[in-house]
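Straight run, no breaks: the sequence shown in the UniProt record's numbering ends on number 609. Ideal Cβ positions, reconstructed from N, Cα and C, are used throughout, including at glycine.
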Amino acid sequence: MDDYRRRLGDGLDELRRLHSSLYHDKEAFDRLLDMMEVFASCRSDELRALDRKREGDSFWFMGQGAVGMTLYTELYGGDLKGVASHIDHLKDLGVTYLHLMPFTTTPLHDNDGGFAVSDYENVDIKLGTNEDLEELARLLRKDGISLCMDFVMNHSSDEHEWAMRAKAGEKEYQDYYLCFDDRTIPDEYEKTVPEVFPETAPGNFIWSREMGKWVFSSFYPKQWDLNYANPALFAAMVKAMLLWANRGVEAFRLDAVPYIWKRLGTSCRNLEEVHVIVRMIRIILSVVAPAVILKGEVVMAPRELAAYFGTPDRPECHLLYGASGMVNIWGALSSMDTRLLYSQSEDFLALPANAVFLNYLRCHDDIGWGFDEDRERQLGIDPLLHKIYQYEFYSGRFPLSYARGELYNYDPKTKDARSCGTTASLVGIEAALESGDGKALEMALRRFELLYTLVYSLRGFPLVNSGDEVGMLNDYSYRDDPDRKDDSRYVHRMKLDWNKVALSHVEGTVEKRLSDCLRRLKALRSASPFFDPQAEVLTWHAHNDRVFALRRRIGDDLMLLVFSFSPNEEEARFDFFTGLYKDAFTGRIVEPGRGVRLSPYERLWLTRV
Ligand code: GLC
C-alpha cells in the first residue's frame, strides 16, 4: 500500500478541491477516500505489477504497433467464453486493444444494444459470469491485448434497482435521477437542449406513471439520465468502475460523457462540471489503478474536443474517438474532394501532443454528418445540401452511387439524417457482389484499402470494427425484429461469420484481400520508424483536390503518404520531396517532387530509396 499512499499524496489536494467544488460534502468525500483505499488494498498482485510498469510510461497504450478492435460479445463469440476461444483471430490482425460493447446486465428487450444498464456491477448472464470476464481479461493480457469496457455513465435503464426504488417512491433514489413534479422545469430545459434521437425518441423528458414525475432522458425513454450533482451517485459509479478495474479492465470507454451534467439555460453538453467529474475519475484511477486509461466518447464539434484531454498537468481522457476524421474521410470518398478532409486534419494535427485519437471508419453507431459548416461556406459548399448529398449517396439512392446503407434519424423538419451500414457495404462491395461486376468489385476493394490505409496513417492509432476485416455486409434482418426495426444501426450490427474468417486465409478470396490489407498495414506500421508516436505528422499539399497526403517525419527522414479519392487516374505533385521514393505496397519507385501518376483510389506509403 506504499505505492497507493504515495500516489494519493500526489492527487489528494486536487481531488478534495474538485469534489468540494461540486458537492460541499466532507463526509461524502471521506467515504470516497475510504472506498478508494478498500479497492487499492484488494487489487491483485498481477494488476499492481502492471500499475507500477505503466506509471512510468503514460503513453504505453499508443505504442506504434497499437491496433484496436471493437465488438459485441454476442456477435463475435456468443458469450465471453466464446470471445476467449477466438483470441487467435485478434492476434492474427495484430490487435492490442479490445473494446467490448456493454456487457453488464440489461433488460431483455429494448435495451439500446446494451446501453440501458440495469446493473453496473455484474456481467449479463446471457454473456457469462464475472469470473468469465476476469478470465478473458487475463488471457487477453497474456497476449498483449488490453480490455476496454464500455462504461455507460450518463444513464441507467429504468429497470435498474435505483430506478425501481425511485419508482416505488424512495426519495433517496429519486435523487439518483433528475425528476420533476410538473412540466415547468422540463419545459425550460426543452428551450435549450437539443434532441439526440429526434425521430426515434423525441424530447428530453419522459413521464413516469409510477412516480408521477417527469424524468430527464436524453436518449431512449428507457434510459434515465443519472444525477451527477448527487455525491452518492458519483460514488456509486466510481465504485462500479473500480470494481471492474480490479477485475482486469484496462480501459474505460466513457459513454456519452459530454451529457452527464445538466444546467438550465444551456445545451446541457460539455459543461464545465463534466470536466471536473472526468478529472476526478482520472485522479481516482491514477491513485488506485494507474494501469487503467480513459477513452471519451465525445462526438462533438472539434472545438469541444481538446478540453476532454485536459492539460498536461491536469489530464482528463487518455484517448478520444476521431469522429470528425471519420466523417470527413467518408465525405471525401463520396464527393471525390479532399478539401474538408485537409482542413479537419489540420485542425486535429494542431492539437497538442497529449491529444491522442482513435482513428476509425465504422463503429456500432451511425455516421453523423458533422462537417465544419464555416469551412464549408468558405469553400462555397452549402452545408445542408452537402449533408443531404452524403446521406443520399450512402443510402445508395443517389444516381450512380455504389454504396448500400440506411438512413438513421431522418428529421423532416431540419432534413438532418445520419447514415448506417458496414464498411464493405458502404464502399460498394455489397452492390458489386450482387451484380457480379468484377470491375466494380475491384474498385470497391480499392476503396476499402484506401480508407483503411488512411486510418492506419493518421496520428493516434487505428480502431477496426469487427467484421470489417472480412468484409461483412449489411444485415437487413433487423427490420423483422419488433424490438429493433426502428433503429437502423442494427443493419451493421451483424453476427461475425466465422466461415468468412476461415476464408481470410484462402488465396484469391475477397476476405483474404481485406484481411491481408489490415495485416500488412499492422506489420508495416510496427516495423517503420515513421510510426513512432513521437513522429511529426503534417498534411501535405498534392496540387490536386482529389488527392490527400500526409508527411511523417522522424529526425531528418521523411515519409510521404498519398491517397487518391478518385475513381480515375490522377496526377499529383509534392513540393520539397526531391529524389526517388519507393512505395511500401507495390515497390514502385516515384519522384514525388516532379509528379506522380496515381491509379484509381491508389494509396502510397513512400520512403526514400
Ligand atoms: C452512445 C452509444 C450509443 C447509444 C448512446 C446511448 O452514444 O455509442 O450506441 O445509443 O450512447 O447510450
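Check: residue i C-beta below 7 Å from any heavy atom of the ligand GLC
i	result
S115	The identity of residue 115 in the sequence shown is Phe, whereas the question assumes Ser. Within the cutoff, so yes.
V152	yes
E297	yes
A256	yes
F252	no
D374	no
D575	no
V119	Position check: residue 119 holds Asp in this sequence, whereas Val was assumed. False, no ligand heavy atom lies under 7 Å from that Cβ.
F103	no
D110	no
F180	no
Q534	no
F398	no
F219	yes
Q174	no
Q223	yes
Distance cut-off 7 Å: residue i Cβ against heavy atoms of the ligand HEM
i	result
H364	In terms of ligand content, the structure shown lacks the ligand HEM and carries the ligand GLC instead.
Alpha-carbon spacing of residue i relative to residue j, whole angstroms
i	j	result
E159	C517	44 Å
T435	K500	It should be noted that the sequence gives Ser, not Thr, for residue 435. Computed Cα separation, rounded: 20 Å.
Q223	M300	21 Å
P567	K262	47 Å
L22	P462	36 Å
R43	M1	10 Å
L385	P302	21 Å
R138	D372	42 Å
T266	T129	41 Å
K439	P600	12 Å
V464	A168	44 Å
L233	Q174	11 Å
G593	F574	5 Å
R362	Q344	18 Å
G56	L108	43 Å
W60	M69	17 Å
R597	R608	18 Å
W207	E346	45 Å
S454	L80	One detail in the question is off: residue 454 reads as Leu in this sequence, not Ser. Going from the Cα of L454 to the Cα of L80 covers about 32 Å.
Cβ separation of residue i and residue j, assumed to be a contact under 8 Å, to the nearest whole Å
i	j	result
Y220	A201	5 Å
V292	E250	6 Å
L127	K495	The Cβ separation is near 14 Å, so there is no contact.
K522	V67	5 Å
A245	A289	4 Å
R269	D150	20 Å between Cβ atoms; not a contact.
L93	E469	6 Å
Cβ neighbours of residue i in the same chain (closer than 8 Å, five flanking residues each side left out)
i	result
Y394	W330, S334, I367, S401, A403, G405, S419, G421 and L426
Y478	R484, K485, D487, S488, Y490, V491 and R493
Neighbourhood of residue i by C-beta distance below 6 Å, restricted to the same chain and skipping five residues each side
i	result
V510	G471
A535	R552 and I554
H318	I293 and L294
G396	A403 and R404
G467	L496
P231	Y23, D25 and A28
A236	none
Beta-ladder partner(s) of residue i, from DSSP
i	result
S566	DSSP output for S566 lists no bridge partner at all.
G68	Y97 and L463
W207	W214
H155	D225
C420	E406
T539	L550
G296	L254 and L320
K582	I589 and T607
N474	Answer is none; N474 lacks a bridge partner.
Cβ-based neighbour list, residue i, same chain, cut-off 7 Å, excluding 5 preceding and 5 following
i	result
I388	K415
N354	F309, P312 and P315
E14	I283
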